[in-house]
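J.: Chains as they are written, first to last, in the working numbering: chain P, 12 to 286; chain A, 12 to 286. All residues carry an ideal CB built from backbone N, CA and C; glycine is no exception.
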DNA sequence: ACAATAGTGTCTATTAGACAATATGTA
DNA sequence: TACATATTGTCTAATAGACACTATTGT
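1) Identify which residue in A:154, A:109, A:86 has its Cα closest to the Cα of residue 134 (chain A).
2) Are the beta-carbon atoms belonging to residue 50 (chain A) and residue 205 (chain A) less than 8 Å from one another?
3) When the distance is taken between beta carbons, is residue 47 (chain P) closer than 8 Å to residue 81 (chain P)?
4) Would you please verify whether the beta carbon of residue 241 (chain P) is less than 8 Å from any beta carbon of chain A?
5) Given residue 214 (chain A), which residues of its chain have a CB within under 8 Å of its CB, disregarding the five upstream and five downstream residues?
6) Could you please give me the residues that DSSP links to residue 59 (chain A) through a beta bridge?
7) Closest to residue 155 (chain A) by C-alpha separation, out of A:210, A:244, A:269, would be which residue?
8) Mind listing the chain A neighbours of residue 176 (chain P)? Cutoff is C-beta to C-beta under 9 Å, in chain order.
9) Buried or exposed for residue 107 (chain A), please, with buried defined as at least 16 other CB atoms from any protein chain shown within 10 angstroms of its CB.
10) In chain order, what residues of the region 118-136 of chain A put their CB closer than 8 Å to some CB of chain P?
11) Could you pull the start and end residues of the alpha helix (DSSP H) that residue 223 (chain P) belongs to?
12) What residues from chain A crowd round residue 87 (chain P), counting only those whose CB sits closer than 8 Å?
13) When DSSP labels each residue in this structure, what does residue 115 (chain P) get in the three-state scheme?
14) Are there 16 or more other CB atoms within 10 angstroms of the CB of residue 137 (chain P), so buried, or fewer, so exposed?
15) Is the beta carbon of residue 69 (chain A) less than 8 Å from the beta carbon of residue 132 (chain A)?
16) For the region 45-64 of chain P, which residues have a CB atom closer than 8 Å to at least one CB atom of chain A, in sequence order?
17) Taking 8 Å as the limit between beta carbons, can you name the residues of its chain near residue 197 (chain P), skipping five residues before and five after?
18) Classify residue 38 (chain A): buried if its beta carbon has 16 or more other beta carbons within 10 angstroms, exposed otherwise.
19) What would DSSP say about residue 241 (chain A), mapped onto helix, strand or coil?
20) To the nearest whole angstrom, what separates the beta carbons of residue 243 (chain P) and residue 250 (chain P), a pair I think is in contact under 8 Å?
21) Residue 196 (chain P) touches chain A at which residues, Cβ-Cβ below 7 Å?
22) Under 8 Å, Cβ to Cβ, is there at least one residue of chain P near residue 182 (chain A)?
23) With H, G and I counted as helix, E and B as strand and the rest as coil, what does DSSP make of residue 268 (chain P)?
24) Any Cβ of chain A within less than 8 Å of the Cβ of residue 212 (chain P)?
25) Which class does residue 66 (chain A) belong to by DSSP, given the choice of helix, strand or coil?
26) So, helix, strand or coil for residue 73 (chain A), using DSSP?
27) Starting from residue 207 (chain P), follow the alpha helix (DSSP H) in both directions and report where the run begins and ends.
28) Would you call the CB atoms of residue 186 (chain P) and residue 264 (chain P) closer than 8 Å?
29) Between which two residues does the beta strand (DSSP E) holding residue 137 (chain A) run?
30) Taking only beta-carbon positions, decide if residue 276 (chain P) is within less than 8 Å of chain A.
31) So residue 294 (chain A) contacts chain P; which residues on that side make the cut at Cβ distance below 9 Å?
32) If contacts are defined as beta-carbon pairs under 8 Å, then residue 44 (chain A) and residue 43 (chain P) qualify, I think. What distance do you get, rounded to the angstrom?
33) Compare the C-beta of residue 199 (chain P) against all C-beta atoms of chain A and say whether one is closer than 8 Å.
34) Assuming residue 176 (chain A) contacts residue 129 (chain A) (C-beta within less than 8 Å), just tell me the rounded distance between them.
35) I believe residue 79 (chain P) touches residue 65 (chain P) by the beta-carbon criterion, under 8 Å. Please report the beta-carbon distance rounded to the nearest angstrom.
36) Rounding to the nearest angstrom, what Cα-Cα distance links residue 149 (chain P) and residue 98 (chain P) in this structure?
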C-alpha cells in the first residue's frame, strides 16, 4: 500500500496535539511501544578503554550490569532524554561528546516486549566525577575488553549494543575530533596517542603520530602548545608539554587507522544489522 | 535516580510477553509512542542524485511529499519493517544497500504527537523498477538538490531528515563500498565516477580517479574488468569497458573526498542534533 | 575531419612508515 | 649513572593533484 507515510492508518483520529495515546484505538493496527534511551559512556583510563555500567535492581536481569538509560518522556526530545538519564543515573552532567548512534527494536530484546531503545554514545575525559552519581547505588567503570570477553553479565542486548558502539567509536575516531573528547582541556600528546591506541587496539609510531598532529594549516592547527608542562611520571622521564585542541579537527582526525588486513570480514553492507 | 535501566518504573507490571500495551497504566510515568520506519532511498540518474518520495493522501500534510515509511509492527524487527515498507510503498524489493542511520523523536515533529521514527538509508541502482510500486498511487524520483532548495514541500521534518541522510551518505561514500550500491552488477568507470561527483557535488579528475580504483592489492582489487564493453553514447565516443566490483572495498573506498575548506562550519560535536 | 567520450602516462607535491638520535626528567 | 619518557629528525615508499596525451567511436 503506497499511501500515507509516517502516518497513522487512515482512520478517523480524533485527537489533538496531545501527547498521550488516543483513547479508543485498535491496538493491532495502531501499535505503541515504550521508548527508552540508553547511553554508552566511554573513557580511557591508563591506556584502557572503559565503559560505565550500572547494576540493575529490578527483576528482569536483576543484579546484571546494564547501560545507564531510561524512558523517554513525551515532552522531551531524544537528545534531552539522553542528557537527563546520563545526569540522573551517573552524575555526569557535561560529557565532552554525546550523540545518537543507533536504535534497537527487536521484538525479543526485552522479555517484557515492545521496548524500542535509542542508544547514545557519550565520551568524557574525567573519571573522578563519574562515580559521583546523584544517589549512586552501584555504578562503575569496566574495561571494555573484559566486558566483551564475557567477564561481566550484561542485561538485555546491551553486550551487542556495546560491541556496536565501540566499533562506531573506532570509526569516528578517524573521521572526526572524537579523540579530543577523551582528554581534558589540556593534554599531553602521549595521552592523546593512548586514546587512539586504546580504541583501535593498536600501537602507533610516536614520531609519526606527532608529525600528523603538527600538520594542520598555519591558521588552523590540531594542537596548540600552552607552554606549560605536566609533571614527570613516577618513574621519571622528561616532563611532557601540555597542549590544547586547535581548530583543524573540522576536517577529521589527521591520524589514520592502519589497514586491518586481518580476517576478511564478510559483506557488511546490507543491514549493518542494528536489529 | 540511579537504578533500573531500560526498565519500566518499578511498579507491579502484571503482563506477560504480550506485545500490546498494558491495560491499566499510568501514561505519565509509563509513556508509549508510535514507532514508524521511514526510508530515504537514493539513486543516481544521469549524474544527478535522486530521492524517491511518495505523495500523502491523508490529512496532516495532505498532498505534501514524504519519505516512504510506515508503522513498525510489534512482531517485526526495525530492519524487517524497513524492508517491508520499502517493498509495499515503492515496489523496491532488493535495494543494494539498506541500513539504519538515525532516529527522530522530537515531541513536535508530528502534529499528532508521540511519533518516534527510525530512518533508514537505502540505495538502488535501478530506476525502472522503482516507480513500479505494488499499487503505486504517486511515487516518483526527485532531484535531491531541488528538494533541498525548497522546490518541493515535504511533510513533517522530512526535509531535515533528507538533509541529514545526504550528509551521511556523503560520509559513508568515503569509508565504505557504498558507491558500488549505486551502480548495477557491471558498470563503467565513468558511471562510478558520476556517483561520487553527484553525491559530493564536486568534480573529480578522471585520470586520478581511475588510478585510485586500480590500486587494490594484487588479490583483492576494487574493480575487475569483465572484458565486455558497453555501447558508445549517442554522441559518439569510445565504448567504455564494463567492470564489476572487487573485494578490496572492505577497507573502504580508495577515492577520497577533497578537503572542503568552505564555510568553517561551527562545532559539530555535541549533539549532532538528531533531535 | 571533427566532436565526444574513454583511457594512459608523467611530473611533482604531499603524506605515511620505519627507525635513529637527542632531550630532560627520576631513582 | 642507569633508566624512563618526551621530542626531533631523516630516509624512503606510497599516494594525491594537475595536466598532457593517446584511443575509439558517432556524425
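T.: This is what the structure gives:
1) Out of A:154, A:109, A:86, A:109 has the C-alpha closest to the C-alpha of residue 134 (chain A).
2) no
3) yes
4) no
5) Exclusion of the five residues before and after residue 214 (chain A) leaves 208 as the residues of its chain whose Cβ lies within less than 8 Å of its Cβ.
6) A:56
7) Shortest Cα-Cα distance from residue 155 (chain A) to any of A:210, A:244, A:269 involves A:210.
8) Result: empty, since nearest Cβ-Cβ is about 14 Å, beyond 9 Å.
9) buried
10) 118, 121, 122, 123, 124, 125, 126, 127, 128, 129
11) 217-224
12) By Cβ distance, chain A contributes 118.
13) strand
14) exposed
15) no
16) 45, 46, 47, 49
17) 237, 239, 253, 254, 255
18) Reliability of the predicted coordinates at residue 38 (chain A) is poor, the pLDDT of 41 falling under 50, and the value obtained from them is presented with this limitation in mind. It counts as exposed.
19) Three-state result, residue 241 (chain A): coil.
20) 5 Å
21) Chain order gives no chain A residues near residue 196 (chain P), where near means a beta carbon separation below 7 Å; the closest approach is about 14 Å.
22) yes
23) coil
24) With 8 Å as the cut-off, residue 212 (chain P) does not count as an interface residue toward chain A.
25) strand
26) coil
27) 200-211
28) yes
29) Careful: residue 137 (chain A) lies outside any beta strand (DSSP E) and carries neither H nor E.
30) Bear in mind that the predicted position of residue 276 (chain P) carries a pLDDT of just 36, short of 50, making it unreliable; the figure below should be weighed with that in mind. Taking Cβ atoms only, chain A reaches closer than 8 Å to residue 276 (chain P), which makes this a yes.
31) Because chain A in this structure spans residues 12 to 286, residue 294 (chain A) falls outside the shown range and cannot be described.
32) 6 Å
33) no
34) Rounded, the Cβ-Cβ distance is 13 Å, inconsistent with contact.
35) 5 Å
36) 15 Å
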